[in-house]
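**Q** Note that the UniProt record's numbering gives residue 760 to position 760 of the first sequence, counting from 1, and the numbers run on in steps of one. Each residue gets a CB set at the ideal place from its N, CA and C atoms; glycine is no exception. The structure's right below; bear with me while I get my questions together.
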Amino acid sequence: MSRYSAAEIEPKWQKVWDDAGLFRAERDPSRPKYYVLEMFPYPSGRIHIGHVRNYTMGDVVARYKRSTGHNVLHPMGFDAFGMPAENAAMANGGHPKDWTYSNIDTMVAQMKPLGFSLDWTRMFATCDPEYYGQQQALFLDFLEKGLVYRKNAVVNWDPVDMTVLANEQVENGRGWRSGALVERRELTQWFFKISDHAEDLLESLDGLDDWPAKVKLMQANWIGKSRGLQFAFGLIDAPEGFDRVEVYTTRPDTLMGASFVGISPDHPLAKHLEARDPEVAAFCADARQGGTTAESIETAEKKGYDTGLRVRHPFDTAWELPVYIANFILMDYGTGAIFGCPAHDQRDLDFCIKYSLPVIEVFRPEGAHAPVSIPDWEFDHNPVYVGQELIEFDGEREPEATYFKITKSAYVPLKSQDVQYVRGFAGDPFQTGEQAIEAAIAFCEANGVGQGVTRFRLRDWGLSRQRYWGCPIPVVHCPDCGVVPEKKENLPIELPDDVSFDIPGNPLDRHPTWRDCACPSCGGAARRETDTMDTFVDSSWYFARFTAPRADTPTVMEDAKYWMNVDQYIGGIEHAILHLLYARFFARAMHICGHLPSTANEPFDALFTQGMVTHAIYQSEGGNSRPVYHYPEEVELKDGRAYLKDGGREVTIIPSAKMSKSKNNVVDPVQIIADYGADTARWFVLSDSPPERDVEWTAAGAEAAARHLARVHRIAAEIAESDAPADGKEDAALLREMHKAIRDVTLGVESFGFNASIARLYAFTATLQKSQAGAGAKREAAKVLAQLMSPMTPHLAEECWHLLGGEGLVASAPWPQADEAMLVEDSVTMPVQVNGKRRAEITVPRDMPADEVEKLALAADNVIRALDGAQPRKIIVVPGRIVNVVA
RNA sequence: GCCCAGGUGGCGGAAUGGUAGACGCGCUGGCUUCAGGUGCCAGUGGCCGCAAGGCCGUGGAGGUUCGAGUCCUCUCCUGGGCACCA
């Protein structure tokens with residue numbers, strides 16, 4: 001009898017599948033299609049165990065769907081543009097292209113031994129000119145339909161390297177290479193008009209029933225719909241053209257609590273003043289320091305500059321408010337100007353305390369009284385009211401009265417909470433924030449003070465990147481015609497190969513000839529755009545390209561109609577917002593341009609976000625009290641503790657940690673395949689934890705998986721050689737268990753409960769092994785076991801199927817069906833409870849009437865003892881499940 | 001601060017309101033083996049008990065129910081995400 005050798009059988013069956021062209025997807029309208037896709041990898045150079053888990057889940061779905069008669073599309077590609085390739089070129093010389101393609105070769109070579117049922121003939125990398133040329137065609141179509149436009153936007157600028165930095169290249173406000181203080185600088189850049197689709201992108205989330213609620217919530221928060229009031233303050237002694245300052249507020253109900261108007265340093269009025277006043281210019285320059293991330297703006301100290309200008313309050317022309325330029329106001333959001341209501345906004349309160357501005361209460365908790373003590377500072381207009389502090393007085397004056405006083409924190413209740421308006425101007429004095437906001441908008445509109453506006457947090461998607469290794473933006477700058485789209489017949493605009501990375505900056509900018517071209521409009525000398533596209537563009541439509549990967553148009557409608565949508569998309573939660581939102585936008589935009597059917601506007605029918613593969617860290621104290629991280633091979637585990645093999649010193653175990661090279665806790669799929677085989681790796685990453693949760697890789701677990709697969713192989717081989725005679729009773733019992741296993745494993749696979757399916761397969765294997773059934777029944781059960789395992793461990797399943805004389809390949813055999821009639825047991829074992837505590841068990845015929853079950857239950861020895869003579873008051877019989885005797 | 005998850009044996013984790021701990025790891029004992037490993041058999045939540053059996057047990061406190069890990073209220077802890085967004 002041959003022993004289980006993954007190293008022998010895995011390549012053997014891979015070749016058989018390959019030769020049969022089993023996984024090649026062809027359009028076939030006579031069969032239902034199924035498109036399963038895993039988020040494609042960045043070609044970093046090595047596959048990661050997380051990739052193995054991701055692609056194994058997809059492969060289980062793909063193989064299962066294939067066996068249920070679906071025409072399956074399961075492609076793979078590479079997200080191949082991006083900064084790491086340029087960084088590698090800068091660090092080690094060489095060319096991003098060579099680095100990328102060589103990494104792709106390595107990774108494909110690492111992935112193939114895993115036996116995924118991928119259609120490799122459809123593979124592409126986004127840096128293939130055939131792909132990005134079609135992306136350029138899409139860009140031109142988007143341009144024609146008004147889905148792309150140019151405007152100024154702020155970037156991180158490194159003044160020493162003279163280059164633009166990505167947010168991740170800014171460390172503590174300094175450029176990562178030069179260490180120079182990063183500046184915010186305005187450049188003219190290209191933008192996708194994703195904000196036009198904000199409402200649709202938000203509302204359509206409701207229809208995505210098979211997406212995780214968490215992802216939908218994150219997207220909804222990101223899109224950030226808000227309802228508010230836009231109105232104008234009249235500016236006193238305004239500079240020419242600035243007699244009105246438009247502001248947007250989501251809290252118009254707090255208008256009577258306004259104490260200042262704030263404008264962004266990038267607001268036109270600020271720029272106007274900046275040009276005339278060096279002091280303003282200095283402040284604005286300072287405010288623009290630091291990175292562009294939300295985080296860096298957030299952590300900066302709130303600063304304001306009093307312009308000396310004043311505006312009139314719209315409800316009271318005698319009431320004047322100062323105008324400040326403030327560093328925490330973003331030009332990109334709303335109108336770039338706000339009014340501050342310090343009593344009910346913490347930022348505004350901080351600002352007002354710093355600049356000694358009045359704090360005016362608008363509402364207070366229901367039933368609260370005015371403060372007893374006058375606050376520390378008073379102001380000339382209106383009663384001032386500060387801070388939030390509820391004080392319970394138990395003194396004589398007013399028993400049980402609650403007083404309300406503001407100190408350092410603003411009073412910001414939930415908008416759904418009832419409050420008492422003391423300076424409201426619309427609606428009931430007692431109402432929720434939501435009601436007050438609507439009433440305030442209605443009041444303002446009726447009185448000609450602004451109008452209700454719906455706004456979105458979602459900003460347009462800036463796609464220009466000032467770097468080399470990306471898809472060139474196919475436009476030309478002509479001195480006579482301006483910005484001119486390139487002609488489609490000139491696509492792809494290919495990246496030049498003769499570039500170097502020894503000098504910082506974009507090599508396209510300094511290339512001697514690449515920039516030179518003829519204007520597509522007038523034919524005169526012109527220059528190419530040297531910006532390339534954000535790599536999120538590349539990944540926003542690859543799923544559509546997979547339906548016709550070699551076409552000379554971005555998609556082919558016939559193929560797109562047949563294969564779209566992606567029935568099951570699988571990837572990491574880290575892409576919950578940007579990638580998925582951009583892809584949803586792209587699907588809409590591609591439909592507008594005729595590249596996708598409208599049915600593909602939501603391109604991913606079902607989304608699954610899988611957890612990480614983690615691994616313990618073995619840590620000990622080194623010199624300078626700095627931790628030392630030990631490789632798993634260096635430690636020995638004993639009784640749940642870890643000791644160094646060298647010297648025996650105990651080390652600390654940090655369980656379930658994210659794998660990280662610097663912590664020496666990375667497991668390498670290539671090594672695991674070499675040690676145990678692909679099936680073991682596949683089996684292990686699916687077992688133990690539910691797919692959406694993290695799973696911890698342990699050597700013991702991997703060995704257990706390998707042992708189990710060897711056991712299955714041995715059992716199959718034994719059964720194949722057995723000639724035990726049939727045994728009616730044992731055969732029937734085994735086949736009943738087999739049908740139960742079919743039912744349970746199938747349910748697990750269909751509901752992404754792979755760990756549950758695997759637990760069930762362990763149990764069924766044990767049943768099969770112990771069964772005394774005849775050879776015929778055992779052979780049938782073993783073949784079914786092979787089939788049920790085939791999505792997870794396809795090579796072993798194929799080998800067992802072959803040993804057992806299965807017809808053809810298990811990979812193309814139809815999925816076994818559970819026979820309902822076989823699932824019904826003749827008798828059932830029911831626990832008997834007395835007053836909710838389990839006291840006995842009775843075995844009764846399945847269809848025994850309840851009153852007879854009652855009699856049997858009451859007759860059980862342990863029940864009689866537990867009752868101790870007491871009369872049962874009530875007996876509850878749940879047929880087939882449980883009996884509860886209430887005494 | 002806000003929004004999500006999640007707290008169950010030594011560990012990873014199972015449980016449509018119906019026998020808590022499936023399955024795996026680890027551990028214990030036995031058989032196999034020259035030995036180790038593999039393989040096979042049995043056991044394994046805690047406490048009491050020779051046993052039969054009993055008591056306790058799903059972060060904590062209440063509640064609903066014949067019956068609660070599961071539903072409700074409050075609370076504690078952990079992990080993740082988001083945020084000068086007007």
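Quick one: grab the DSSP three-state call for H70.
**A** DSSP places H70 in coil when its eight states are reduced to three.
**Q** In this structure, what does DSSP give as the bridge partners for G234?
**A** R244, R312, per the DSSP bridge assignment.
**Q** Decide if S812 is buried, meaning its Cβ has at least 16 other Cβ atoms within 10 Å, or exposed.
**A** Counting Cβ neighbours within 10 Å, S812 comes out exposed, since fewer than 16 surround it.
**Q** Measure the Cβ-Cβ separation of G304 and I338 and say whether it is below 8 Å.
**A** Contact flag unset, no.
**Q** Taking the C-alpha atoms as reference points, what is the distance between N54 and D668?
**A** Using only the alpha carbons, I get a separation of about 15 Å.
**Q** Return the Cβ separation of R251 and C127 in integer angstroms, given the expectation that the two are a contact with Cβ distance under 8 Å.
**A** Not a contact, Cβ separation roughly 48 Å.
**Q** Pick helix, strand or coil for T513, following the three-state DSSP scheme.
**A** DSSP places T513 in coil when its eight states are reduced to three.
**Q** Let me make sure I understand the geometry here. Which of L823, A699, H272, S771 has the alpha-carbon closest to that of L734?
**A** Minimum Cα distance to L734 is reached at S771.
**Q** Do the stretch 553-572 and the stretch 519-527 touch if we need at least three Cβ pairs shorter than 8 Å?
**A** The stretch 553-572, when compared against the stretch 519-527, does not touch it at the 8 Å Cβ threshold.
**Q** Can you list the beta strand (DSSP E) stretches of 3 or more residues lying completely in the UniProt domain "Aminoacyl-tRNA synthetase class Ia" (459-615), in chain order?
**A** Listed in chain order, they are 475-478, 482-485, 516-518, 525-528, 568-572, 607-610.
**Q** Taking all protein chains shown into account, do 16 or more other C-beta atoms lie within 10 angstroms of the C-beta of A91, making it buried, or fewer, making it exposed?
**A** By the 10 Å Cβ count, A91 comes out exposed.
**Q** Just verifying my parser: in three-state terms, what is the DSSP assignment at K12?
**A** K12 falls in the helix class under three-state DSSP.
**Q** State the DSSP-derived secondary structure class of A258, mapped to helix, strand or coil.
**A** Reduced to three states, the DSSP call for A258 is coil.
**Q** For W697, which residues does DSSP report across the bridge?
**A** In DSSP, W697 forms a bridge with H615.
**Q** Do the CB positions of Y468 and P504 come within less than 8 Å of each other?
**A** Cβ atoms of Y468 and P504: not closer than 8 Å.
**Q** Relative to the C-alpha of Y355, which residue among I592, N601, F260 is closest?
**A** Cα-wise, what sits closest to Y355 is F260.
**Q** Taking only three categories from DSSP, how would you classify F116?
**A** Looking at F116 - three-state DSSP - the assignment turns out to be coil, as it is neither helix nor strand.
**Q** Quick one: what does DSSP say V17 is sitting in, helix, strand or coil?
**A** With the sequence shown as reference, residue 17 is identified as Trp, and Val is not the correct amino acid for it. Three-state result, W17: helix.
**Q** Going by CA-CA distance only, name the one from D243, E602, A258 that's closest to L208.
**A** It is E602.
**Q** Consult DSSP for S204 and reduce its assignment to one of helix, strand or coil.
**A** The answer is helix: DSSP assigns S204 an H, G or I state.
**Q** I'd like to know whether the C-beta atoms of T547 and T555 end up nearer to each other than 8 Å.
**A** Yes, they are a contact pair.
**Q** How big is the Cα-Cα spacing for M107 and P41?
**A** Each residue's alpha carbon lies about 10 Å from the other.
**Q** Flag this pair as touching only if the stretch 86-101 and the stretch 427-441 have three or more C-beta atom pairs under 8 Å; answer yes or no.
**A** As far as the Cβ criterion goes, the stretch 86-101 does not touch the stretch 427-441, which means the pair count is below three.
**Q** Determine the contact status of F191 and D460, defining contact as a CB-CB distance below 8 Å.
**A** Cβ distance < 8 Å, so F191 and D460 count as in contact.
**Q** CB-CB under 6 Å to W377, same chain, minus the five flanking residues each way: which ones, in chain order?
**A** Caution is warranted here: a pLDDT of 38 is assigned to W377, below 50, making its placement in the model unreliable, and the coordinate value is therefore given only provisionally. Excluding sequence neighbours, W377 sits near nothing in its chain.
**Q** Run through the DSSP bridge pairs and tell me what H630 is partnered with.
**A** Answer is Y618.
**Q** Please state if the CB of F604 and the CB of Y569 are separated by a distance shorter than 8 Å.
**A** Yes, these two residues count as a Cβ contact at 8 Å.
**Q** Once you ignore the five residues that flank residue 889 on each side, which residues in its own chain have a CB closer than 8 Å to its CB?
**A** Because the chain here runs from 1 to 887, residue 889 falls outside it and cannot be looked at.
**Q** Please work out which residues of its chain come closer than 8 Å, Cβ to Cβ, to P597, disregarding the five sequence neighbours upstream and downstream, and give them in chain order.
**A** So the list reads M557, A560, K561, M564, H591, once near-sequence residues are dropped.
**Q** Going along the chain, which residues of its own chain have a beta-carbon closer than 7 Å to the beta-carbon of Y542, five neighbours each way excluded?
**A** Only F40, G77, T126 meet the Cβ criterion.
**Q** Please state whether the Cβ-Cβ distance between N884 and G836 is less than 8 Å.
**A** Yes, Cβ-Cβ distance for N884 and G836 is below 8 Å.
**Q** Report the CB separation of T614 from A674 in whole angstroms; it is logged as a contact under 8 Å.
**A** That pair is no contact at about 22 Å.
**Q** May I ask you to report which of helix, strand or coil DSSP gives L804?
**A** Residue state, collapsed to three classes: coil.
**Q** Across which residues does DSSP place S827 in a beta bridge pair?
**A** P845, per the DSSP bridge assignment.
**Q** In angstroms with no decimal places, state the Cα-to-Cα distance between A285 and T249.
**A** Rounded to the nearest angstrom, the two C-alpha atoms are 26 Å apart.
**Q** Let's see if you can read the secondary structure: which residues bound the alpha helix (DSSP H) around W683?
**A** Taken as a continuous stretch (DSSP letters only), the alpha helix (DSSP H) holding W683 covers 678-686.
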